[in-house]
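Chemist: Just passing along the structure, written as structure tokens.
2 protein chains.
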Amino acid sequence: MQAISETTDKPAARLDFRTAPDAYRHWSISIDGPVATLIMAVDEDSPFADGYELKLNSYDIGVDVELYDAVQRLRFEHPEVRTVVLTSGIDAMFCAGANIRMLGSSSHSHKVNFCKFTNETRNAIEDSSLRSGQTYMTALNGTAAGGGYELALATEYLMLIDDGNSAVSLPEVPLLAVLPGTGGLTRVVDKRKVRRDLADVFCTVEEGMKGQRAVDWRLVDEIVPRSKFDARVREKALQLAATSDRPENESGIRLKRLEREQDKDEIRYPFVTVTLDRAGRSGTIEIMAPDRDAPADVDGIEAEGVSFWPLAVSRAIDDALLHLRFNEPILGTLIIKTSGDGQRVAAYDELLRSNRDNWLVREILLYMQRTFKRLDVTSRTTFAFVEPGSCFVGMLADLLFAVDRSYMLDGQLDDRPAASIRLTELNFGALRMSNGLTRLETRFLGDSASLKNAQDLIGQGLDAAAALDAGLVTYTPDDIDWEDEIRLLLEERASFSPDALTGMEANLRFVGPETLETKIFGRLSAWQNWIFQRPNAAGDSGALKLYGTGKRAKYDRGRV
Amino acid sequence: MQAISETTDKPAARLDFRTAPDAYRHWSISIDGPVATLIMAVDEDSPFADGYELKLNSYDIGVDVELYDAVQRLRFEHPEVRTVVLTSGIDAMFCAGANIRMLGSSSHSHKVNFCKFTNETRNAIEDSSLRSGQTYMTALNGTAAGGGYELALATEYLMLIDDGNSAVSLPEVPLLAVLPGTGGLTRVVDKRKVRRDLADVFCTVEEGMKGQRAVDWRLVDEIVPRSKFDARVREKALQLAATSDRPENESGIRLKRLEREQDKDEIRYPFVTVTLDRAGRSGTIEIMAPDRDAPADVDGIEAEGVSFWPLAVSRAIDDALLHLRFNEPILGTLIIKTSGDGQRVAAYDELLRSNRDNWLVREILLYMQRTFKRLDVTSRTTFAFVEPGSCFVGMLADLLFAVDRSYMLDGQLDDRPAASIRLTELNFGALRMSNGLTRLETRFLGDSASLKNAQDLIGQGLDAAAALDAGLVTYTPDDIDWEDEIRLLLEERASFSPDALTGMEANLRFVGPETLETKIFGRLSAWQNWIFQRPNAAGDSGALKLYGTGKRAKYDRGRV
């Protein structure tokens, strides 16, 4: 593995998250009526980096990038698909999980970011099942081990072939001294509600569980003999499809390759530009307002396809965040800016709101929601700067409540009018965080008066004083202080320990209720990150490092 | 600091958690009517270990052991106390938090266990305010920094002196590259509901906040000028006292020094014996049934005082768990056993249940609840073995649902009758976990039929087959297999990575709803543990190590 260093700004291997089915090496999609089958047949000779082979349908980031792409495409390009069946294209093995040699040779940073992206894709699978009418099930036609079973756990129905061999397992603890860290522990007890003592047994049995016991323990939903397996998969898939509200005679929109131009210090997407300040260790994501009026109706949205501004912006931010996470680790602070005509943003906002029951608009809003959630769990400091000429309106205003702090300039810098922000109804329900709340509900958790007040302000242009008064921004420096304040702010933030900031932000961002998602990103990921730092796993004599060498790990026996 | 090694079974410094006010070096208690004042005046020359001075009311484990003792005593010995005021006995400083040089020189294991115990004591303070009618407030007559402010956050009312200097702060991130990890981050946003962007600012400002801004940001409840401070503290304390339901004319019971005899492989308390198997890396906590019949009524309980069996057992388990955590780090598996007359346990159980509205019985049940919670968050594997002669009845049966797995012998080993277990009403409400649920609600989270069935079984003696059928135990090996199964079980568990087990158990034990407590032990502690392993904090050039040396920490700038 070409380790992605935590310290250099020139990662050896740069990841590109853009792909398409005709470029897939590990997955294929087959569609039959309302049922899509997503077939995993990992090409062991096409690892993302050197140094390991992807045997037994094990995966690395390259495999997961394709899965992410497939999940996205099925939603947008295939309105007719109502059930997605995950299954394996190789013999006797559904998926062996994350490739262990890849993990053993990766940097701490890569391990953490790989797990986070993998988690996000599994969450996106659940999002599709729960909110999009495209329900995932897993046809376990072979063993699902570790991350393979975790992938299956993200689907709503697990059917296991009853062939005397195929099993589900989470062998990470006994085999590798790490956790089933991409949702496994959480989903076993909190989603599937496996009894905790049985879960403890299951997670320490390398070979896992099969047959009737796997059903009795709630680890799978059904076992089916080989002779009846394919027919039963089809039957169940059609049964799940029958409950969907997806449309029957729509053509969907094609997710054309995301346009991106890149040079040393700038990345340009349609409507989004990312500027990199490596010396100052920050990156600025500037989102531009639409350059044309909103289409009149859903037909107009369909006609525009990926050029439709809210979708184009979501795709660009999504890609930018992933790029920054994996390829620019030293940019510790991300700054969100906007520019352009706020009236136009408001019009797009209203178009989405008034058509939110349409399947495509729902997909666009859900995608925006997932993208903003990706920002929430990005372990970088996030600031928003509201300057003259900006357009923090509605969906873009939500970014003000996603970031760690927001600064709004009170006054003018040139002849552009002073900044104003505007809330719309989209800020009060369409864009929820992982904790299940809107960002304004989260912001005003203990302060229902402020939440009510914000609702009363819908539609009004709020200048700096009004926004501060309503609790919608953190600070409002005036035009004389602005540049100095911003400079000092960025310098100060860059002087802090990146790890301490990551831990602090992870604890402050998700107040209120916990959900599967927040438990996975909060509790489970934090413990896994700790273990990824412990010599028992990641040290030279640790289990992760020694796996496959024939040598046994040597453990420090002290319990911490 | 005499570091407590993670690897040796002969820790250099052995902690004793037994103390009493006449032995306190750092705290004093002053009682005036319904108000107790708990005064912190840390003796800087009495650190727990060598190598640092406890300046500016900073604390180490020795200071916190006294606080824990004081909190316990106020509840049991002083029924008349309805408000407890935390304040400082030194000038201009309430508390500077955990001693940094102590932290910098401690082993990872000690840091983690120190924070956990500190968290538990803060939770016990909240437990007292919320459930015991003994409400804590803080009279901040000086600055509260870091852990000092975190201590104040555990109280229900924070009054800050308005003297132009005294502030509250959480300077850990900018100063030490670690988190405010004993509840600070969680309580700021989840308990006090400080807006998240303001919390972000607050946690990066070394000097903290004072005066009106501290009130406006919800960091304290009130500021009071020096001239009026004492009078206002008294007034508020009396006001809080007025809402209490604690009795007026009771004398309480004295927490006499816990009896404990110890030799190399055994610790003996009244009714509890701990056996240490260092070669096998396990410890067995055996709880014995009462040796006499239950008293007839509450007067009888009072007369028995700390000899009253449920209280004696709670104290012994409490002390045993703390001892094992700090002084026996290599004993990775704790085994719970019971022995004696289950009928007697049932009679004590019924005595508690039928008098649960009495203040003393309430205290005893709450103490048992806190003790069992301490078991829940103890980072050791926990098993229960139900053998012939055991008495897992009611309150003791709850331990079967606290442990990671339970094994019940189906059959006889000698002439003693086969084991049986029995549920009582205490299993359905009196003993809640940190997640707010009973252990049976947690166990049967997705299975209300099993929960209902368990309720129907109240009072019945359940043999192994019946217990297994009801889902109350994990496995029921027969008498032929028993010894081999148990031996293999313990050997297998001891072969796993201690870190992976800690992470796994922390994720499986707390399903369902999250609370302040589970967020603190799950999310916050896990992130802090990660940071405690990161070179930016704990490395030789890390901020925690270099604090006070005049050298600046060197940070790896990669964000993970």
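Line by line, the protein sequences give chains F and X.
Here my numbering is used: the first residue of the first sequence is 4, the next is one more, and so on.
Here my numbering is used: the first residue of the second sequence is 4, the next is one more, and so on.
No residue lacks a Cβ here, since even glycine has one placed at the ideal position from N, Cα and C.
(1) Phe-20 (chain F) lies in the alpha helix (DSSP H); which residues open and close that run?
(2) For the candidate residues X:Val-66, X:Asp-200, X:Val-309 and X:Asp-302, whose alpha-carbon lies nearest to that of Gly-151 (chain X)?
(3) Could you name the residues of the region 444-474 of chain X whose beta carbon sits closer than 9 angstroms to any beta carbon of chain F, in the order they occur along the chain?
(4) State the Cα-Cα distance for the pair Leu-154 (chain F) and Leu-519 (chain F), rounded to the nearest angstrom.
(5) Does the ligand SAM have even one heavy atom less than 7 angstroms from the beta-carbon of Leu-369 (chain X)?
(6) Measure the alpha-carbon distance for Tyr-558 (chain F) versus Glu-495 (chain X) and round it to whole angstroms.
(7) Quick test of your reading: Asn-438 (chain F) and Pro-516 (chain F), contact by CB under 8 angstroms. State the CB separation rounded to the nearest angstrom.
(8) For Gly-187 (chain F), I'd like the list of residues in its chain whose CB is within less than 6 angstroms of its CB, leaving aside the five on either flank, ordered along the chain.
(9) Determine the chain F residues that contact Ile-530 (chain X) at a beta-carbon separation under 7 angstroms, and present them in chain order.
(10) Determine, using beta carbons only, whether Leu-448 (chain F) and Thr-441 (chain F) come nearer to each other than 8 angstroms.
(11) Return the CA-CA distance between Asp-482 (chain X) and Gly-414 (chain X), expressed in angstroms with no decimal places.
(12) What number of angstroms, rounded off, separates the C-alpha of Leu-549 (chain F) from the C-alpha of Ala-157 (chain F)?
(13) Label Ala-467 (chain X) either buried or exposed according to how many other C-beta atoms from any shown protein chain fall within 10 Å of its C-beta, with 16 as the threshold for buried.
(14) Could you give the first and the last residue of the continuous beta strand (DSSP E) run that contains Gln-137 (chain F)?
(15) Write down the C-beta distance between Phe-79 (chain X) and Asp-322 (chain X) rounded to the nearest angstrom, noting that I regard them as a contact closer than 8 angstroms.
(16) Can you tell me whether Glu-331 (chain F) is helix, strand or coil according to DSSP?
(17) For the beta strand (DSSP E) containing Trp-30 (chain F), list its first residue and its last residue.
(18) So is Asn-510 (chain X) buried or exposed if we call it buried at 16+ other beta carbons inside 10 Å?
(19) Within a Cβ cutoff of 8 angstroms, which residues of the same chain sit near Arg-560 (chain F), ignoring the five residues on either side of it in sequence?
(20) Nearest to Gly-92 (chain F) by CA position, among F:Ala-529, F:Leu-527, F:Met-43 and F:Leu-471, is which residue?
(21) Taking Arg-249 (chain F) as the reference, which of F:Leu-163, F:Val-218, F:Lys-114 and F:Asp-360 has the closest Cα?
(22) In the DSSP assignment, what residue or residues form a beta bridge with Ile-42 (chain X)?
(23) Taking its Cβ as the centre, do 16 or more other Cβ atoms sit within 10 Å of Pro-566 (chain F), making it buried, or is it exposed?
(24) Is Asp-165 (chain X) closer than 8 angstroms to Gly-211 (chain X) when the C-beta atoms are compared?
(25) Assuming the contact rule is C-beta atoms closer than 8 angstroms, Val-45 (chain X) and Tyr-62 (chain X) should be a hit. Round their C-beta distance to whole Å, please.
(26) Where do the N-terminal and C-terminal ends of the beta strand (DSSP E) with Phe-404 (chain X) fall, by residue?
(27) What is the DSSP secondary structure of Cys-98 (chain F), reduced to helix, strand or coil?
(28) Quick check on Ser-112 (chain F) - is its C-beta less than 8 angstroms from some C-beta in chain X?
(29) Rounded to a whole number of angstroms, what is the C-alpha to C-alpha distance between Thr-22 (chain X) and Cys-118 (chain X)?
(30) Restricting to Cα atoms, I'd like to know which of X:Leu-416, X:Asp-450 and X:Ser-285 is closest to Ser-498 (chain X).
(31) Any beta-carbon of chain X closer than 8 angstroms to the one on Trp-533 (chain F)?
(32) Which value, in whole angstroms, describes the spacing of the CA atoms of Pro-177 (chain F) and Gly-136 (chain F)?
(33) Could you give the C-beta distance for Tyr-351 (chain F) and Ser-317 (chain F), rounded to a whole number, given that I count them as a contact under 8 angstroms?
(34) Is Val-563 (chain X) helix, strand or coil when you go by DSSP?
(35) Going residue by residue through the region 473-526 of chain F, where are the continuous beta strand (DSSP E) segments of at least 3 residues, counting only ones entirely within it?
(36) Buried or exposed for Asn-116 (chain X), please, with buried defined as at least 16 other CB atoms from any protein chain shown within 10 angstroms of its CB.
Modeler: Based on what the coordinates show:
(1) Per DSSP, Phe-20 (chain F) belongs to no alpha helix (DSSP H) and is neither H nor E.
(2) X:Val-66
(3) Thr-445, Arg-446, Phe-447, Leu-448, Gly-449, Asp-450, Ser-453 and Gly-474
(4) 15 angstroms
(5) Absence of the ligand SAM is noted for the structure shown, with no ligands found whatsoever.
(6) 14 angstroms
(7) 5 angstroms
(8) Glu-153 and Leu-173
(9) Checking the sequence shown, residue 530 (chain X) turns out to be Trp, not Ile. Per Cβ cutoff of 7 angstroms: Gly-506, Ala-509, Asn-510 and Ala-529.
(10) no
(11) 5 angstroms
(12) 29 angstroms
(13) buried
(14) Taken as a continuous stretch (DSSP letters only), Gln-137 (chain F) belongs to no beta strand (DSSP E), as it is neither H nor E.
(15) That pair is no contact at about 15 angstroms.
(16) coil
(17) 30-35
(18) buried
(19) none
(20) F:Met-43
(21) F:Asp-360
(22) X:Ser-31 and X:Thr-90
(23) This structure leaves residue 566 (chain F) out entirely; chain F is present only between 4 and 563.
(24) no
(25) 6 angstroms
(26) Counting along the chain, Phe-404 (chain X) falls outside any beta strand (DSSP E), though it belongs to the alpha helix (DSSP H) covering 401-405.
(27) strand
(28) yes
(29) 20 angstroms
(30) X:Ser-285
(31) yes
(32) 38 angstroms
(33) Actually they do not touch by this definition, with Cβ atoms about 12 angstroms apart.
(34) coil
(35) none
(36) buried
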